[in-house]
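Residue numbers (the UniProt record's numbering): 1 to 1105. Yeah, the Cβ is synthetic: ideal placement off N, Cα and C, and Gly gets one too. Only a predicted model underlies this, so the values are computations on that prediction, with no experimental measurement involved. The block underneath contains the structure these notes are about, expressed in structure tokens.
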């Protein structure tokens, strides 16, 4: 019979098919199909006929299982000693029962007769661990009926625990039990609790860092917590934002209270105000303030604030709105004897803006920071007094305040500045404030924005009034690219390719994709710009005309920027502010300036970006000595709310780095794109703040006219992983519903993908409630994968290595690309990877080795290993910040990431690869090795993603096969792993996996989703899934051991957040033994590859496509 009948697979080697002249299988193709229709037909046929299930046989030797079970018995003994209540039996006992018993249980009117254990007495409320890393068991919807029967899960066990913690039903004096039949369900693993009204503490630091690797008999006491959380994990999963808002309001509004103490403060602040206005420094500053447009409109502004609950202020750059409006509100209140009932919170999108504005306002008020003016940014804070004050902060700090004080009862006025930027924090803040204003009528909200967004914001807040403020009258001259080329005489330098005999044949070779793309780009550019260019042809020199015809002139051009700086420096004095897309471009320009003689006593050059330390950022405000020109190379951080008095010249590259998302394929991107008209307007305003200026645009006047009015809001161009965690932390309910409240909601498909991804990695339950792991991840200001890696690195003792990779994921890879040196770079990476099939081992080793070098040797180490020294410096700074975050969360005693205990397993590479896999799950691909036994060809791998089929490892990876490799040039020495996890999936010429790490099955099985079902072929085995079409066949006893250990690890992690758990303040031997046993299990395959027997039951690759 033919293949179309299905009797023989047409993928099998022996299957033949009829082919037409073009080599296609046309036998069963319907007539009339043409072109793409033929390809689509075969693609659909291919998907229809493919097999969907692949089974991998996992055999863990009995010796390993016995050792793990022995450890589990010891852990039970330790738990009894430390008064930790454990109560579980053979979880898969029902799987081991004969099938007839299962059928009887299903059909019996009294199924409890067949239960593994009797039901417990349910007096009081048990806090059941909801499987932090195993979301499948959280609700019924994850398991089919067969699985429920197999796992003995009863419906009533899946109800969400939302009651307040109370004592367990079992009294403390009941002896510990570990007999069989003591656990009725998977979720009945109680955590010992005690009634408590104390809120969740903040820090869990170790006091003793000199800890040996084997500390079974030693006790590590965690230090006293420096301050207390105002809420804990149990609180965050209990109640909605609206319920908490109502609860807070019933307790009263602190800032609005009025008593004898407040009355006295009002009088004191009145006297303070009158003393302030009599000071000479204040009056000197007042003379300047009175020239600002915002100050001149104070009566109009204050009148609108009195009449309306919400006010939108549309202010031109330089009008003084950020510094003056908060002072106008506070000064009037102090002068009217109501100052103690006023406290103003002013938000800024960036740290440097918040701190610099606070310092400026304090200076204008002739006082030191910390009195009536303060600021709060991440990891840095100068608190103002609690009444009669102005507090500047980042928008993220406002959201943190909304977590604990939903009604913002400490504040009378909220001012959201630079709202037009529309980042995630701003949009969520606006959505929450809109809900608060409905219930708190005394709260005033002021939104300050650029002109373009004023009407949109007014409409969102029910057509609230808008006050427009003009900018300062200092003129700014615009100079576009066509004029810059004329002033600098710059021309693109084309390399002349010599036509020798060896190269002649290449003229006749078919052009590749890249050349074809370049040609297409050239044609498109000329067609777009041609009419405009012809219209100005007679007004520009011929050389400029020819240069503008080349599309390369619109690329980022370091040489042109340096030539323009040379031209400006020949003219009148004044500081120069250069806007560049990112930190990498700042580094390139600084290097080129160094080569062109800028690093001398006549120039002061300052980089300015978000990764820079605050003290370094503040240097930009200092005026240079006479005869010295200040040049600031900045990202878009300098666009808003920063006034640098001596800026005369602005150089705008017209580019910005924008994070994006391919919604259809859920692939994140970070691209350098054209700025919007709003960005151009903001940047131009930096030149005319305090004196006339000039703005040089590195784009043509034609291109400037075609730009979009504004960039898309961040929520509409990100993958939403971190925003979803924010929504959960803020108690806003289901993600899709919460995002509908923001001014510009993201696509529902993106929200659903983000929620499902977080459920897979164990951060959310099926009900979208935060797990204890998710609670930790929500508190870290990094990508969830980076946060998970940090937490596991701290728990398992390889923190320095984990923090190195987490920093790279938060910023960029330190390796640089040198054209023509690709093979040498690959050799360096493989040497740093120590033969391991992991890019993450290579990058962590590179950073750690660079840190271990003396300061003098670091630059040469970076040069020899194709590393960026500047990038490494920034990564190390980021590591320090991450250490401070972990210290605040209680995972570290100090921010020292090299502490001995936290790095007790620094050289256990198998463990490190396993926790990388745990962090990156569910970014999983299946691996097939090639040429493992070949004597002629080097080893290589093929990767298959369940959703995309065959994909390629990025050429920069240590695991990428390079054509021309010899047998001796092995991609790694530790081969055989059958899974691959990756940091990023990116589509360019092909679909590439970037930053990969190969692991065996056990780590993914242990840390990934854990869905279990009956193996119909063998009753002694069960099937566990890692991805949607890959099943792992495993002995039930082994699966039982794995799941027991998973639940113990969940309990260790949950103990870190349970406010009533005594083990959250004391490091226990129980935790140490659990972690040691986990390490022994998940590294077993890597250390002994023959432990695993991979038998793919389907030989072909069709189930991957």
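Query: Could you tell me the distance, in whole angstroms, from the CA atom of residue 64 to the CA atom of residue 1010?; Result: 21 Å
Query: Please say whether residue 728 and residue 774 have beta carbons closer to each other than 8 Å?; Result: yes
Query: Could you tell me the distance, in whole angstroms, from the CA atom of residue 168 to the CA atom of residue 85?; Result: For residue 168, the predicted model reports a pLDDT of 25, less than 50, meaning its position is unreliable; a value from the coordinates is still stated below. Going by the C-alpha atoms only, they are around 10 Å apart.
Query: In terms of alpha-carbon separation, which member of 935, 521, 914, 475 lies closest to residue 318?; Result: 475
Query: Alpha carbon to alpha carbon, how far is residue 862 from residue 904? Give it in angstroms, no decimals.; Result: 27 Å
Query: How about residue 957 and residue 839: do their beta carbons lie closer than 8 Å?; Result: yes
Query: With distances taken from CA atoms, which of 853, 858, 865, 855 is nearest residue 843?; Result: 865
Query: Sort 38, 918, 937 by Cα distance to residue 763 and report the nearest one.; Result: 918
Query: Give me the residue from 869, 955, 351 with the minimum Cα distance to residue 993.; Result: 955
Query: Return the CA-CA distance between residue 708 and residue 535, expressed in angstroms with no decimal places.; Result: 23 Å
Query: Are the CB atoms of residue 276 and residue 360 within a distance shorter than 8 Å?; Result: no
Query: So, for residue 973: in the same chain, excluding its five sequence neighbours on each side, which residues have a beta-carbon less than 7 Å away from its beta-carbon?; Result: 835
Query: Touch check for the segment 645-662 and the segment 426-443: three-plus C-beta pairs under 8 Å?; Result: no
Query: Among the residues of its own chain, which have a CB less than 7 Å from the CB of residue 468, if the five just before and after it don't count?; Result: 314
Query: Pick out whichever of 837, 815, 655, 884 has its Cα sitting closest to the Cα of residue 850.; Result: 815
Query: My guess is that residue 1001 and residue 979 are in contact by the Cβ rule of under 8 Å, so how many angstroms apart are they, rounded?; Result: 7 Å
Query: Using CA coordinates, which residue listed in 530, 692, 795 is at the minimum distance from residue 551?; Result: 530
Query: Counting Cβ pairs closer than 8 Å, one from the segment 410-422 and one from the segment 337-345, do we hit at least three?; Result: yes
Query: Skipping 5 residues on each side, what residues in its chain have a beta carbon closer than 8 Å to that of residue 544?; Result: 482, 485, 486
Query: From 735, 1050, 1018, pick the residue whose C-alpha is nearest to that of residue 1035; which is it?; Result: 1018
Query: Please name the residue in 750, 433, 916, 690 whose C-alpha comes closest to that of residue 718.; Result: 750
Query: Mind listing, in chain order, the continuous alpha helix (DSSP H) runs of no fewer than 4 residues lying wholly within the segment 245-293?; Result: 260-276, 280-289
Query: Is it buried or exposed for residue 853, if we count other Cβ within 10 angstroms and need 16 for buried?; Result: exposed
Query: On the three-state DSSP scale, how would you describe residue 370?; Result: coil
Query: What residues match up with residue 598 in a beta bridge as DSSP calls it?; Result: DSSP output for residue 598 lists no bridge partner at all.
Query: Just the Cα atoms here: how many angstroms apart are residue 310 and residue 336?; Result: 22 Å
Query: Determine the contact status of residue 803 and residue 892, defining contact as a CB-CB distance below 8 Å.; Result: no
Query: In its own chain, which residues sit with a C-beta less than 8 Å from the C-beta of residue 429, not counting the 5 before and 5 after it?; Result: 347, 395, 398, 399, 402, 416
Query: With residue 569 as the anchor, note down where its alpha helix (DSSP H) starts and where it stops.; Result: 558-569
Query: What do you reckon, are the CB atoms on residue 687 and residue 450 nearer than 8 Å?; Result: no
Query: Report back the beta-carbon spacing between residue 780 and residue 790 to the nearest angstrom; my notes put them in contact at under 8 Å.; Result: 7 Å
Query: Given residue 447, which residues of its chain have a CB within under 6 Å of its CB, disregarding the five upstream and five downstream residues?; Result: 312, 416, 419, 457
Query: Below 8 Å, can you find three or more Cβ-Cβ pairs linking the segment 240-257 to the segment 728-740?; Result: yes
Query: List the endpoints of the continuous beta strand (DSSP E) containing residue 995.; Result: 991-999
Query: Does the segment 616-636 come close enough to the segment 553-560 to have 3 or more Cβ pairs within less than 8 Å?; Result: no
Query: Out of 778, 306, 533, point me to the one whose CA is closest to residue 465's CA.; Result: 306
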